[in-house]
Structures are given as C-alpha cells and as structure tokens.
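Here's the structure we're looking at; comments come further down.
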Amino acid sequence: MEDFRFQNSTDIRFGKHHIDEELHDAVAQFGQNVLLTYGGGSIKKSGLYDRVMKALDGLHVVELSGIAPNPKIASVRDGQQLTKDHDIDVILSVGGGSVLDASKVIASAKYYDGDAWDLVADRGAKSRANIDQLPVVDILTLSATGSEMNSGSVISNPDLNIKLGTNGPNTPAVSFLDPQLTYSVSKWQTAAGSFDIFSHLTEQYFDRSTANDVKAGIIEGMMRSVIKWAPIALKEPDNYDARANLMWGATMALNGIARSGNANGWTVHPIEHELSAYYDITHGVGLGILTPRWMKRVLSDETEANFARFGREVWHLTGENDREIAEKAIQATYDWIKSLDIPMTLDDVDINTDENFVEMAQEAVRIGGLDQAGGYVNLTVDDVVDLYKASL
Ligand code: NZQ
Ligand code: ZN
1 MEDFRFQNST
11 DIRFGKHHID
21 EELHDAVAQF
31 GQNVLLTYGG
41 GSIKKSGLYD
51 RVMKALDGLH
61 VVELSGIAPN
71 PKIASVRDGQ
81 QLTKDHDIDV
91 ILSVGGGSVL
101 DASKVIASAK
111 YYDGDAWDLV
121 ADRGAKSRAN
131 IDQLPVVDIL
141 TLSATGSEMN
151 SGSVISNPDL
161 NIKLGTNGPN
171 TPAVSFLDPQ
181 LTYSVSKWQT
191 AAGSFDIFSH
201 LTEQYFDRST
211 ANDVKAGIIE
221 GMMRSVIKWA
231 PIALKEPDNY
241 DARANLMWGA
251 TMALNGIARS
261 GNANGWTVHP
271 IEHELSAYYD
281 ITHGVGLGIL
291 TPRWMKRVLS
301 DETEANFARF
311 GREVWHLTGE
321 NDREIAEKAI
331 QATYDWIKSL
341 DIPMTLDDVD
351 INTDENFVEM
361 AQEAVRIGGL
371 DQAGGYVNLT
381 VDDVVDLYKA
391 SL
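For the sequence shown, full-length UniProt numbering gives the first residue as 1, with consecutive numbering after it.
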C-alpha cells in the first residue's frame, strides 16, 4: 500500500426528503446571488426546475442553460462571464456529470481574468495553487461520474479536438442525491452511467500497488452491487433500490476512497476521452467498448493473479487455474456489458475509420503517461492504436 492523504468535505444529502426542505438554506448560506446551471432541458421536463425555483424564492437567480454532454469550453466561458457580471456568490448545478463538471470550472473561472480554457489546459494547476473557487451546490440527476464528491472536471474543446480532465481545489460543498430524480434517465444513459461506475472501479482495482486488501475488498463489493442493480434499473426504471444503489455506488466509486493506497493512474479513461474528443460519443459507451479489449491486452503472467481474484470475488468463478479464471472473468465482463445493450464496437457508434487513431493514441499516451508507468501496464502508442483497431 502506498502513502496517501485522504480528505473530502462534501456535505452529502442522500434520499427522498432533503431537497424541498433544505435546498434554500444550503444555497443561501453562501450568499444571495446564485448561478443556476443546467443542461438541455431534462430538468424542465421532469418538473425539477420548478421545484428548484420555488426553493430559491427570494434569492437572485441567474441562469446558464444548455450545458451539453461532454461539456464544451464555450459554456464554461459563458458561465465565467455571468459570475463576474452578476457578482455570483454560489453555483447551483442541476443535472448530470456534464453540468456539474462545467460548473466546477466556472466556479474557479470567476476568479481568473484570462481564458477559462487555461484552467483546463494546465490540468488545474493554477486553480489549485492560487485561484479561489466559488462554492458549488448540486442536485444530481444521473448516476455515473462521481463528480458530486470529487474535485475533477472533464471539459471538451471541439476547436482543438481535445477533451481533458482537470482538477480544482474543492469538491462540491453540498450534493443532493435523490435516486428518484434518476427514474427518468433513458436506458442508454442508464447503461452508460452504470458502466462508467464499473470502469472507475476497474481503473482503480487494477493497480501496481500490492497487498491493499482494504481497497480491493471495497471495490469488489461495489462492483458486485453495480453488476446486480444495473440490469434491474434498466428493466424497472423506477425501482428505488436499484437507483439508490447505483447513485451511492457512483459517488463512492470516485470520491477518493477506492484509490487510497494506489500506485498509478488510469488507462482506459484517457484512451476513451480521445474517442469523445474526436467523435463526441457517450463516455460510458466508449468505456464499455474498450474495457474488455484492454483487459485482454494486459492479461499476462504478471497480471493473471489480479484478474483471477477479480474473477473469483466479483464474478463468483471457481477453479484452480488462475489463467482460466482470468480469461473467464474478462468474458463475463464482456457479456455483462453486452447484456446492458451497450454497443460493443466502434462501428456501432458510427466510428468506422482509423484515420485519427495515431493522433488519438499519441494524446492518450501523453496525457495518461501510459508508456511511463502512468497506468497499470505500460502501453505504447502502437498498443493503443491496436486497441482502437481491435474495437472497430
Ligand atoms: O442535458 P439534459 O437535458 O439534462 O440531459 C442529459 C444529457 O442529455 C440527460 N439527463 C441527465 N439527467 C437526466 C437526463 N435525462 C433524463 N432524466 C434525467 N434525470 O443525460 C444526458 C447525459 O448527461 P451527462 O451529464 O453528460 O452524463 P454523465 O453524468 O454521464 O456525465 C458524463 C460526463 O462526465 C465526464 C465524462 O467524460 C462526460 O463528459 N466524467 C466526469 C468525471 C468526473 N468529474 O469525475 C469522471 C468520469 O470518468 C467522466 O470522464
Ligand atoms: Zn468515467
């Protein structure tokens, strides 16, 4: 187990009864001028927008709508301007990870006079070092990213074909997590979100650190939970237990606990982010296509014990032969992803040419440090190109 520091101060309000009673004070504690951020309209359709406006009665609310999936830097720039023009005290983000990610960068950008893209391009170095950040309160409407309890944001710059993760100084101040708000999430987004959770777990489970049974056990339990509840949420969208387990699972998977004691960073995420950057595909779907192929690629004599443990503890496989169990575990992962109706090839998401693969692989390797012990097993640019090609 490696040395680590763990600190997380997000105030979580989980369940059915917090929003109407507590939202006003949770926001107003930070001031009167509120920037309300949201996406393309799902919160209006569901009636959540009206509930929020009622709860904010008496506060000065400025709105930034239209934040798109794979949030674009243009929305962040618009938000930056609004925070300055209206002397905003607090941001209320209502939506999925995209709205929240954009809101967190806007929160730092209020205190920055340059182009907001600078705060992404430097991976948050300036934001963490010497830029203040507005408090962010959020109401989460989609279970996936864990953005509700971490300091990360992933922002796209379509002009440059870049999608990049950045880290601000703070996690959200208050996160309202009501699983009922996710009943209306489509099957596509439910499946993609569920696999995003699972991928966050595999990225942290397969790690070079050794003898970290605390982490491994926590992650195995969370993996079993996603495997169990995702298909139920797909069949019964308003099953509270399913939605609740996915919501809390998403938060717990990426609030820093699961990676405590880890040695290295992630592999499949930087490789997927290039797919989203170039082709604007749904993040969790890209991960679903790439992950089993990445697992196959990195299975070796050195890694087979970890994959065998994954097979025994997560997929309940039995047998003596580690390699056999490892291979079956990868197949079980593939079959489960497919059972969620996630497309299993790039062609299925309309990516049917390899023309950008070399540039994409170069960026993924550079950003993830994949050839320099940045991930679980070293991958070269050629390896990543092969992975994309094997996914076509
Ligand atoms: O825009 P609206 O109208 O709200 O519709 C959204 C959007 O079209 C819809 N939706 C959200 N809640 C809904 C709903 N539809 C019906 N009912 C509801 N209750 O779902 C669509 C997708 O929303 P989005 O926010 O994009 O999804 P998600 O939460 O999966 O976020 C994905 C983004 O987060 C990044 C991804 O790369 C991607 O850009 N990530 C952020 C991370 C982080 N901050 O830690 C880590 C992740 O690995 C990930 O990279
Ligand atoms: Zn993810």
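The beta-carbon is built from N, C-alpha and C at its ideal position, and this holds for glycine as well.
Source: prediction; values computed, not measured.
For the beta strand (DSSP E) holding residue i, just list the boundary residues, first then last.
{"i": "residue 152", "result": "152-157"}
{"i": "residue 11", "result": "11-14"}
Let me check understanding here. Comparing Cα to Cα, which of the options lies closest to residue i?
{"i": "residue 266", "options": "284, 199, 250 and 300", "result": "199"}
{"i": "residue 245", "options": "190, 151 and 297", "result": "190"}
{"i": "residue 212", "options": "248, 187, 258 and 221", "result": "258"}
{"i": "residue 57", "options": "25, 381 and 82", "result": "25"}
{"i": "residue 123", "options": "163, 40, 72 and 60", "result": "163"}
{"i": "residue 101", "options": "87, 83, 38 and 89", "result": "38"}
{"i": "residue 31", "options": "48, 49, 130 and 135", "result": "135"}
{"i": "residue 104", "options": "66, 76 and 157", "result": "76"}
{"i": "residue 116", "options": "150, 153, 80 and 233", "result": "80"}
{"i": "residue 224", "options": "43, 269, 316 and 278", "result": "316"}
{"i": "residue 234", "options": "193, 221, 89 and 165", "result": "193"}
{"i": "residue 113", "options": "222, 280, 85 and 99", "result": "85"}
{"i": "residue 312", "options": "302, 346 and 328", "result": "328"}
{"i": "residue 402", "options": "218, 184, 389 and 216", "result": "This structure gives no information on residue 402, because the portion of the chain shown stretches from 1 to 392."}
{"i": "residue 82", "options": "109, 99, 68 and 72", "result": "109"}
{"i": "residue 392", "options": "217, 296, 349 and 118", "result": "349"}
Starting from residue i and walking both ways along the alpha helix (DSSP H), at which residues does that stretch end?
{"i": "residue 202", "result": "187-205"}
{"i": "residue 344", "result": "Element bounds for residue 344: n/a, residue is neither H nor E."}
Label residue i either buried or exposed according to how many other C-beta atoms from any shown protein chain fall within 10 Å of its C-beta, with 16 as the threshold for buried.
{"i": "residue 318", "result": "exposed"}
{"i": "residue 293", "result": "buried"}
{"i": "residue 41", "result": "exposed"}
{"i": "residue 47", "result": "exposed"}
{"i": "residue 214", "result": "exposed"}
{"i": "residue 53", "result": "exposed"}
{"i": "residue 36", "result": "buried"}
{"i": "residue 70", "result": "buried"}
{"i": "residue 6", "result": "exposed"}
{"i": "residue 299", "result": "buried"}
{"i": "residue 217", "result": "exposed"}
{"i": "residue 130", "result": "exposed"}
Looking at residue j and residue i, is the spacing between their C-beta atoms short of 8 Å?
{"i": "residue 340", "j": "residue 231", "result": "yes"}
{"i": "residue 8", "j": "residue 255", "result": "yes"}
{"i": "residue 4", "j": "residue 288", "result": "no"}
{"i": "residue 51", "j": "residue 176", "result": "no"}
{"i": "residue 45", "j": "residue 178", "result": "no"}
{"i": "residue 361", "j": "residue 377", "result": "no"}
{"i": "residue 171", "j": "residue 151", "result": "yes"}
{"i": "residue 96", "j": "residue 251", "result": "no"}
{"i": "residue 174", "j": "residue 11", "result": "yes"}
{"i": "residue 330", "j": "residue 357", "result": "no"}
{"i": "residue 137", "j": "residue 92", "result": "yes"}
{"i": "residue 387", "j": "residue 271", "result": "yes"}
{"i": "residue 161", "j": "residue 278", "result": "yes"}
Any heavy atom of the ligand GDP closer than 7 Å to the Cβ of residue i?
{"i": "residue 251", "result": "Among the ligands modelled here, namely the ligand NZQ and the ligand ZN, the ligand GDP does not occur."}
Where in the region 113-181 do unbroken runs of the alpha helix (DSSP H), each at least 4 residues long, occur, reported from the N-terminal end onward?
118-121 and 125-130
Would you mind listing the alpha helix (DSSP H) stretches within the region 235-316 that are 4+ residues and don't spill past its ends, in chain order?
240-253, 268-279, 283-298 and 304-314
In chain order, what are the residue ranges of uninterrupted alpha helix (DSSP H) at least 4 long that sit wholly in the region 210-236?
213-235
Write down every uninterrupted run of the beta strand (DSSP E) in the region 17-63 whose length is 3 residues or greater and which is fully enclosed by it, in chain order.
Runs of the beta strand (DSSP E) inside the region 17-63: 33-38.
Could you tell me which whole alpha helix (DSSP H) segments of length 4 or greater appear in the region 64-120?
73-85 and 97-109
As an exercise, report each continuous alpha helix (DSSP H) stretch of at least 4 residues that is fully enclosed by the region 317-381, in chain order.
You should have 322-339 and 357-368.
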